[in-house]
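Trainee: Counting from 155, one number per residue, gives the positions in the sequence shown under the working numbering.
Every residue gets a Cβ at the ideal spot worked out from N, C-alpha and C, and that includes glycine.
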Amino acid sequence: MSDCVFCKIANKEIDADIIYEDQHLVVFKDLKPASPVHLLIIPKKHYPSLLELNGDDFEITGRINAAAVRIARDMGFVEKGFRLVCNCGSDGGQVVNHLHYHLLAGRELQWPPG
Ligand code: 5GP
Ligand code: ZN
155 MSDCVFCKIA NKEIDADIIY EDQHLVVFKD LKPASPVHLL IIPKKHYPSL
205 LELNGDDFEI TGRINAAAVR IARDMGFVEK GFRLVCNCGS DGGQVVNHLH
255 YHLLAGRELQ WPPG
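Structure, rendered in structure tokens:
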């Protein structure tokens, strides 16, 4: 989508600190980190939110989970743990309307969130 900031990051039209990329997804550092490690995992394909996935589209959620575990191992925060979260819609706190998962780690996170 032409006016989507995460599509622009995936297409390298705007800069981001990309730490992993493959055929299906891109992982980059959040601009305003909420924890010492705060990464965003996005599909390269534009989906406005989780609600717009249908049928085989849900394969991307498995790929995102697998990428999160791989990154957790590579970056060494498996033992301490992490949080993988997808904000969906306005009550869910979604601001950027391109499906994305937050991967948060590096400090003890509070629960429930505000
Ligand atoms: P949401 O509230 O939609 O789940 O989270 C969107 C996240 O994207 C926020 O944590 C915000 O800091 C991050 N973000 C928004 N615009 C940019 C950007 O241009 N670059 C990067 N790296 N992160 C962004
Ligand atoms: Zn997009």
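1) Can you have a look at Leu185 and say buried or exposed, based on whether 16 or more other CB atoms are within 10 angstroms of its CB?
2) Just reading off the beta strand (DSSP E) that Glu175 is part of, what are its end residues?
3) When the Cα of Leu238 is compared with those of Asp169, Val181 and Asp157, which residue comes out closest?
4) According to DSSP, is Arg237 part of a helix, a strand, or is it coil?
5) Closer than 5 Å from C-beta to any heavy atom of ligand 2: which residues, in chain order?
6) Buried or exposed: which applies to Pro197, given that a residue is buried once 16 or more other Cβ atoms fall within 10 Å of its Cβ?
Mentor: For this structure:
1) exposed
2) Ile172 to Glu175
3) With distances taken between Cα atoms, Leu238 lies closest to Val181.
4) strand
5) Met155, Cys158, Phe160, Cys161, His200 and His252
6) buried
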